[in-house]
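Just so you know, the protein sequences line up as chains A, B, C and D, in that order.
Heads up, the first sequence is in my numbering, so the first residue is -1 and it goes up one at a time.
Heads up, the second sequence is in my numbering, so the first residue is -1 and it goes up one at a time.
Heads up, the third sequence is in my numbering, so the first residue is 405 and it goes up one at a time.
Heads up, the fourth sequence is in my numbering, so the first residue is 405 and it goes up one at a time.
Positions of the beta carbon are idealized from the N, C-alpha and C atoms, including for glycine.
Given the structure is predicted, the values throughout are model-derived calculations rather than measurements.
Structure first, then comments.
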Amino acid sequence: MNIHEYQAKEIFARYGIPVPPGKVAASPAEAGKIARDLGKPVVVKAQVHVGGRGKAGGIKFGKTPEEAEKVAGQVLGMSIKGLTVKKVLVTTSVEVASESYLGLVTDRKAKRPVFMASPAGGVDIEEVARTTPEKIFKMHVDPCTGLLPYQARFLAGRLEKDPKLQSQIASIAHKLWKVFWETDCSLAEINPLVKTPQGEVIALDAKINLDDNGLFRHAELEALREGENEHEKAAREMGLSYVKLDGSVGCCVNGAGLAMATMDLIKHYGGEPANFLDIGGSSSPDKVLTAMRIICSDPGVKAVFFNIFGGITRCDDVASGIVRALKEINIKVPIVIRLTGTNEEKAREILRSANLTATALMDEGVRQALQMAKGGVN
Amino acid sequence: MNIHEYQAKEIFARYGIPVPPGKVAASPAEAGKIARDLGKPVVVKAQVHVGGRGKAGGIKFGKTPEEAEKVAGQVLGMSIKGLTVKKVLVTTSVEVASESYLGLVTDRKAKRPVFMASPAGGVDIEEVARTTPEKIFKMHVDPCTGLLPYQARFLAGRLEKDPKLQSQIASIAHKLWKVFWETDCSLAEINPLVKTPQGEVIALDAKINLDDNGLFRHAELEALREGENEHEKAAREMGLSYVKLDGSVGCCVNGAGLAMATMDLIKHYGGEPANFLDIGGSSSPDKVLTAMRIICSDPGVKAVFFNIFGGITRCDDVASGIVRALKEINIKVPIVIRLTGTNEEKAREILRSANLTATALMDEGVRQALQMAKGGVN
Amino acid sequence: MSILVDEKTKVIVQGITGRDGSFHAKTMIDYGTKVVAGATPGKGGTECVGVPVFDSVREAREATGANASIAYVPYSFAADAVHEAFDAGVELVVCITEGIPTSEVVKIYSKMKSLGVRMIGPNCPGIISPGKCKVGIMPAQIHTRGNVGVVSRSGTLTYEVVNQLTKAGLGQSTCIGIGGDPIIGTNFIDTLKLFQADPETKAIVLIGEIGGTDEEEAAEFIKSEIRKPVVGFVAGQTAPPGKRMGHAGAIVSGGTGTAAEKIAAFKKSGIAVADIPSQISGLVASLMK
Amino acid sequence: MSILVDEKTKVIVQGITGRDGSFHAKTMIDYGTKVVAGATPGKGGTECVGVPVFDSVREAREATGANASIAYVPYSFAADAVHEAFDAGVELVVCITEGIPTSEVVKIYSKMKSLGVRMIGPNCPGIISPGKCKVGIMPAQIHTRGNVGVVSRSGTLTYEVVNQLTKAGLGQSTCIGIGGDPIIGTNFIDTLKLFQADPETKAIVLIGEIGGTDEEEAAEFIKSEIRKPVVGFVAGQTAPPGKRMGHAGAIVSGGTGTAAEKIAAFKKSGIAVADIPSQISGLVASLMK
């Protein structure tokens, strides 16, 4: 789960990482008031879950409260990569002597967190990794000991020469590690970490991605979730994984790998999937009902394809769900069903009684669904 | 370093371990006031750094504030194993349905902390270990993971059958682990851990020993040090290890092992050491001076024996210190010096110039010192 | 032979008295797996699906000499269950549970390496050596004994492939689902080493998916170390970047972890790549000739 | 031969630019020890006592191929220094520092075991294989090459004994001070195993002290595993219970860890026990005949 810069900075501040003072605003007037209270020139920054907001004009300066209010009016409501800006962060403008990068992610290969530091700050770190990898310095963190002082010292030494600045950075690194580890982050990043002409080190930006699997033990962070539409929310609450796509064949599959393979197969046979949807392990007619509601709410969907390989998921549960959905929801598109595995025969009986049929083969099912989607009639 | 029950209970309370409400008092009137404020029958408990205070009459009950004041008057000022009671803890009296033991120590053999739980609470755990070891259940704690839930559950299951009580105990175990680990304890113990007739689990007593080596990072705990006399304090502040004993031969040695061996050798040749004193690794005349002040302040000392094997400790530094001490302190007892090793020749010259001699052999030195101590003249 | 589990594997079911635990314990027993004990705190001394239940894994292991365990435990307790099994001396723990925080898996992995033991999963269907032993939740009837080793990050997609193999007359030595989380106890390379050393395994099917670089590393490893034919498939060619496709580990981020890269790596290492799942059995058959 | 250190040992001195660090680095070099590098943060690129200094142990090791390090680092930074050395791939770390919190040593020990590396100490004088290599702070001149292995929890008491041995014409294969803290990286048994396997060592002197049960366990081990004569001594017979005698580990608590128990254990295992230090060389000489 991603959270906004202003939320990440609140967490940073709680752990003692220096950030510029500021507050979030939802209206130009509010932004103006914050700027007045700060009593200094400010930066107004769009709060959207997407990168590249600077280039898109989502970061503007306001020397006076009036100017802050004005630029906030420009940023609020603007669209960045399809997302509407509903909030801006108003913070004091910081003089920058130099910029660097300090971040932590989980290294899937090493199977432990890795710190990254780079003197090339303020730019996309993935770009740095591609073009000048020698400018990125890494330190893996042992989960038993946490970040060790010598490691923090090493990272700090790669960013600044002055021992005083180094010790500020080392201290920030220790705090960033605590943020990462104690709040179950999958990424915690300061980019840029800046040095001011006065010799202070400050986190000018803040980015935190949370490990979804860790959220159950951080209720206060779960509460930060936003930007979900009602279907995504309904899916999550029912234990379904749903990702909307742009094609015409709605998919309802048990298992993430099979769901991806189903999408790929639709593409392989010349179609486009309308979504990824994994109904998960333990089947229930309710889940199927919710899944159908979500899939069919997408106006792009011209046909729905069920692909079920029964294991823990019982085919009869899915069949019952389909029959119920057809009764309870006004479904305007054709449904193609492939099912095999646990309780397959029972399922076929249930379907038969509702005048439905099912194939046992995935390829066949996909081809039928594509035909239906192209035909467009029920 | 040992701390008092009331101090340990303050730490327990900070970590959420349930303890009976109470406060420490230094006078009967204060004790009476605390009892009045608590508004319930109380227990008045002597706060001394020694075990067995119950048997010695250091724990008394007061049903009324007046009675509390009266018994506090009896306990305060009493002597338990040679220590005068200067403070009492006044806490509400708790009804006890059953008593058990829960504690944590560092297991030197396993090289990690070990939890111990025993349904035989309220008695000396070392006695239980000797007589009925099968009543002690152990769980080693991995420093990487800390106490794991299954371990806390296991320990709780050994103390109570009721799942509700088990979960209270498991929660206390987790908190006790945090106390132990985060405050650098060498022992953290609840004995007895009691169950009340109302089904609550409470730490009726609390014992904490702190790892001296960890104190540098817990200034607030270092401040709890008490019961040191001025010589012990002076020794510690100068980096000397000093333990007073009852014999007549004062010892000043470099290195703990050699210091113990010196004491043993004094005993072997029929004498009694007056103290353990290790002047430590890096020698300085100042250290020797402090050591001499401390040793000679003991009226039992009839002779002082220096036993120095120069390594990092330079013999000439020690010799200079001895010469200075003889000038600056009014020393009434004879001094016997054994020294060998680093800068031995220089040292002998310094001693010669002050009309002192030194042997190079430990046994010879000890025998001379014993003779001197018996002779009793300078 | 086969890898990791066989007739000699003696299994403890952690959480046996739960709904899922008892159901799957029974299907494992029905399949012939030596389920020797269950462990559920507070249920020690009882019996479940004909198996003695103990309060702790330690007691269960000491009483039965079990060398493996499988944990049917909710995500908030699953990491603890794995630690308990390892601390009790169990050498192989299959962790089915989805939703364990990554930081907990990191700690388990570190312990696993220091003890020299093995976890399969988390978030996986488990492992089966057809005709010998099943430690997992996969539908047993689709498997048949034979010479193809199957390793996969997925669950049902593996069933799809195994079903096909069986129908094509290609039995399996061992099928292992290594799990869909970003950090897992046993990865492709670990499994490939075992398949290479197993004389019963004559060909290997490797089913990858988007996210991470496990497939790329496996490809390198296959090129230099594996002397048996390998058929590969990668799911998620149509997955958009930045979106988690169900599995916590199935996400293309920062331009890495794409299916295209993985397929390219497979091809570069001489692995026969199936474009669609239904091609897999044909490729295996042709390579095994 | 000898144990743990010899002519091939290449040593990094951590904290070489400090007062103690540079002094002892020099005495080590003077003795012939291959001190190949120093490490002090911020001093990389300089030189100290003729040795190149690096910012980190990793750089020092990579540049020199060192396989051992010795840390002259204050107690508040010493644990970090040991971690740094292990993380850099150093296999043997000698930690002289006194005063490291026990919880930090517990963590180091756990890491040491999982990496399969070794720490000597903390709170110890180090190790010397006379005539070959000295990694420690002991006065070199009292040692002479020979066939007695010496292992001790003490510093100066060891010098006392070694000095005697040398004067009696009994040279040493290796002398190791394992440290006076309650938890140490290398204990008596670890060292005894090495002495048993070392052909140069013909007899062993074991110097214990009060506190813990290391001596008792060593006695058991000697009885069953050691086929060379052992002479034992235990310091602290006159130490009162409950008082820490200098060393953090030298404390009789709860009635265990007394010198009397340890001496009894030694005698029970057939170890020749010296009543006083000056008897040790005589006992060794008689047993080596």
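Min CB distance residue i to chain D below 9 Å
{"i": "B/Asp284", "result": "no"}
{"i": "A/Thr143", "result": "yes"}
{"i": "C/Ser514", "result": "yes"}
{"i": "C/Ser682", "result": "no"}
{"i": "B/Ala127", "result": "yes"}
{"i": "A/Leu146", "result": "yes"}
{"i": "C/Lys511", "result": "no"}
Under 9 Å between C-beta atoms of residue i and residue j
{"i": "D/Gly540", "j": "D/Gln576", "result": "no"}
{"i": "D/Leu408", "j": "D/Ser533", "result": "yes"}
{"i": "B/Phe135", "j": "B/Ala115", "result": "yes"}
{"i": "B/Ala352", "j": "B/Ile306", "result": "no"}
{"i": "B/Asn207", "j": "B/Ile15", "result": "no"}
{"i": "D/Gly525", "j": "B/Asp276", "result": "no"}
{"i": "A/Cys250", "j": "A/Ile293", "result": "yes"}
{"i": "C/Ile531", "j": "C/Gly581", "result": "yes"}
Candidates the options: closest to residue i by CA position
{"i": "A/Lys390", "options": "A/Gly373, A/Arg128, A/Ser77", "result": "Examination of residue 390 of chain A is not possible in this model, given that chain A is present from -1 through 376 alone."}
{"i": "C/Met516", "options": "C/Leu610, C/Gly448, C/Val486", "result": "C/Val486"}
{"i": "A/Gly245", "options": "A/Leu368, A/Gly279, A/Ala317", "result": "A/Leu368"}
{"i": "B/Asp262", "options": "B/Ala168, B/Asp361, B/Cys294, B/Val177", "result": "B/Asp361"}
{"i": "A/Ile170", "options": "A/Glu3, A/Leu349, A/Tyr13, A/Thr357", "result": "A/Tyr13"}
{"i": "D/Gln545", "options": "B/Ala44, B/Glu270, B/Thr340", "result": "B/Thr340"}
Chain C contact for residue i (CB, 9 Å cutoff)
{"i": "D/Lys414", "result": "no"}
{"i": "A/Ser184", "result": "yes"}
{"i": "B/Gly155", "result": "yes"}
{"i": "A/Asp276", "result": "yes"}
{"i": "B/Leu102", "result": "no"}
{"i": "A/Trp179", "result": "yes"}
{"i": "A/Leu256", "result": "yes"}
C-beta neighbour in chain A for residue i, strict 9 Å
{"i": "D/Ser460", "result": "yes"}
{"i": "C/Ala654", "result": "yes"}
{"i": "D/Ala485", "result": "yes"}
Cut-off 6 Å between Cβ atoms - residues of its own chain near residue i, not counting five sequence neighbours on either side
{"i": "A/Asp296", "result": "Ala272"}
{"i": "A/Ala11", "result": "Val17"}
{"i": "A/Asp105", "result": "Val112"}
{"i": "C/Arg549", "result": "Pro534, Gly535, Gly575"}
9 Å Cβ cutoff, residue i in contact with chain B
{"i": "C/Phe427", "result": "no"}
{"i": "D/Asn567", "result": "yes"}
{"i": "D/Ile611", "result": "yes"}
Cβ-based neighbour list, residue i, same chain, cut-off 7 Å, excluding 5 preceding and 5 following
{"i": "C/Ala467", "result": "Ala441, Phe458"}
{"i": "A/Met406", "result": "Residue 406 of chain A cannot be examined here, being either before or after the span of chain A that is shown, -1 to 376."}
{"i": "A/Ala66", "result": "Ala29, Gly30, Ala33, Val40, Val42, Gly60, Val88"}
{"i": "D/Ile626", "result": "Leu596, Val634, Ser673, Ile675"}
{"i": "B/Leu222", "result": "Ile1, Gln5"}
Residues of its chain near residue i, where Cβ-Cβ distance is below 8 Å and the 5 sequence neighbours each way are ignored
{"i": "C/Gly646", "result": "Ile655, Val656, Ser657"}
{"i": "B/Arg322", "result": "Pro283, Val286, Leu287"}
Task: Validate contact between the stretch 473 to 483 of chain D and the stretch 147 to 157 of chain B using beta carbons, cut 8 Å, 3 pairs - done: At 8 Å Cβ cutoff, the stretches do not touch.
Open item on the list: Can you confirm whether the stretch 640 to 650 of chain D touches the stretch 616 to 626 of chain D when touching is taken to mean that 3 or more C-beta pairs between the two stretches lie within less than 8 Å?
Closed with: Short answer: they don't touch.
TODO: Pair every Cβ in the stretch 405 to 420 of chain D with every Cβ in the stretch 502 to 513 of chain D, then say whether three or more of these pairs are closer than 8 Å.
DONE: Taking a cut-off of 8 Å on C-beta distances, the stretch 405 to 420 of chain D does not touch the stretch 502 to 513 of chain D, as fewer than three cross pairs fall below it.
- [ ] Determine contact between the stretch 413 to 420 of chain C and the stretch 431 to 439 of chain C, defined as no fewer than three beta-carbon pairs at a distance below 8 Å.
- [x] With three or more CB-CB distances shorter than 8 Å, the stretch 413 to 420 of chain C counts as touching the stretch 431 to 439 of chain C.
- [ ] Mind the definition here: the stretch 44 to 59 of chain A touches the stretch 70 to 85 of chain A only if three or more C-beta pairs lie below 8 Å; say whether that holds.
- [x] Flag = yes, the stretch 44 to 59 of chain A and the stretch 70 to 85 of chain A touch.
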